[in-house]
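Following: one structure in structure tokens, then a few remarks.
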Amino acid sequence: MTTNPAGTAPSSENSSATRTPLLRREYLLPFILLTSCFAAWGVANNMTDPLVRTFSRIFTMSTFQSSLVQFSFYGAYFCLAIPAAILIKRYTYKTGVLVGLGLFIVGALLFFPASRLMEFNFFLMAIFILAGGLSVLETSCNPYIIAMGDEQTATRRLNLAQAFNPVGAVLGTMLAGFLILPKINPLTDEERAVL
């Protein structure tokens, strides 16, 4: 029996884990695409707070009204997580990912007409649909990543994919700081009320 440098015998669990690859080659592209989804919902999650501040200035809203932005975002997670699980059980993880991406895209595109109409409820609907897509996506991606290879490396695979969520979080904060907040019209609340 061989020993490791510390002088102890290697355990059978450690030796089998080192031989098992983290990911088989045929799953590399799907793994990269799913990992980018983890980063995407990190971006969206961290743009919510700047949006609350922005909306409350633009629409001169009360604290209750501005809290509706976060309620719409996290309420979508609450409302769509279980339907997403039912969808995945009935069809496949891939279907869940595609439905989640579709809702995410529709929600993001709805921000354009909402910005033209300047209607607060339209913004709330866009946020709800976007966050609903993220909910379905997150419910689908986590088990999909686990199922993409050997059971012994499932936790490591999931941890690697989830490590990109904070990358998206930092990116979302930077995007809000550089793209959204500097573009806000500097009018005071009184000047906005006159408009």
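The C-terminal residue of the sequence shown carries number 194 in the numbering used here, and the numbering is unbroken. Ideal Cβ positions, reconstructed from N, Cα and C, are used throughout, including at glycine.
- Message: Whole angstroms are fine: how far does the CA of A43 sit from the CA of N164?
- Response: 10 Å
- Would F99 pass as a contact of L136 if the rule is Cβ separation under 8 Å? First, the residue type needs correcting, since residue 99 is Gly and not Phe in the sequence shown. Contact: yes.
- Run the CB neighbour count on S114, radius 10 Å, all protein chains shown included, and call it buried at 16 or more, exposed below. exposed
- Taking three-plus beta-carbon pairs below 8 Å as touching, is the region 146-155 in contact with the region 16-29? yes
- Message: Is the beta carbon of A175 closer than 8 Å to that of G41?
- Response: no
- Task: Could you check what DSSP says for S139 in three-state terms: helix, strand or coil?
- Result: helix
- By Cβ distance, which residues of its chain are closer than 7 Å to L67, with the 5 residues on each side in sequence left out? L123
- Item | Cβ-Cβ separation, I144 to L33 (assumed contact under 8 Å), whole Å | 6 Å
- Query: How long is the line joining the alpha carbons of P49 and G171, rounded to whole angstroms?
  - Reply: 10 Å
- Message: Within 10 Å of its beta-carbon, does F177 have 16 or more other beta-carbons around it, so buried, or fewer, so exposed?
- Response: exposed
- Query: Where in the region 79-107 do unbroken runs of the alpha helix (DSSP H), each at least 4 residues long, occur, reported from the N-terminal end onward?
  - Reply: none
- With a cut-off of 8 Å on the beta carbons, I'd call L102 and I128 a contact; round off their distance for me. 6 Å
- Would DSSP call G74 helix, strand or coil? helix
- Would DSSP call M60 helix, strand or coil? coil
- Item | Under 8 Å between C-beta atoms of T154 and I87 | no
- Message: Check this for me: beta carbons of V51 and Q69, under 8 Å apart or not?
- Response: yes
- Message: I need the straight-line Cα distance from Q237 to F119, nearest angstrom please.
- Response: Any question about residue 237 goes unanswered here, given that the chain covers just 0 to 194.
- Task: Could you tell me if Y90 is buried or exposed, where buried requires 16 or more neighbouring beta carbons within 10 angstroms of its beta carbon?
- Result: exposed
- Message: Quick check: A83 and L109, are their CB atoms within less than 8 Å of each other?
- Response: no
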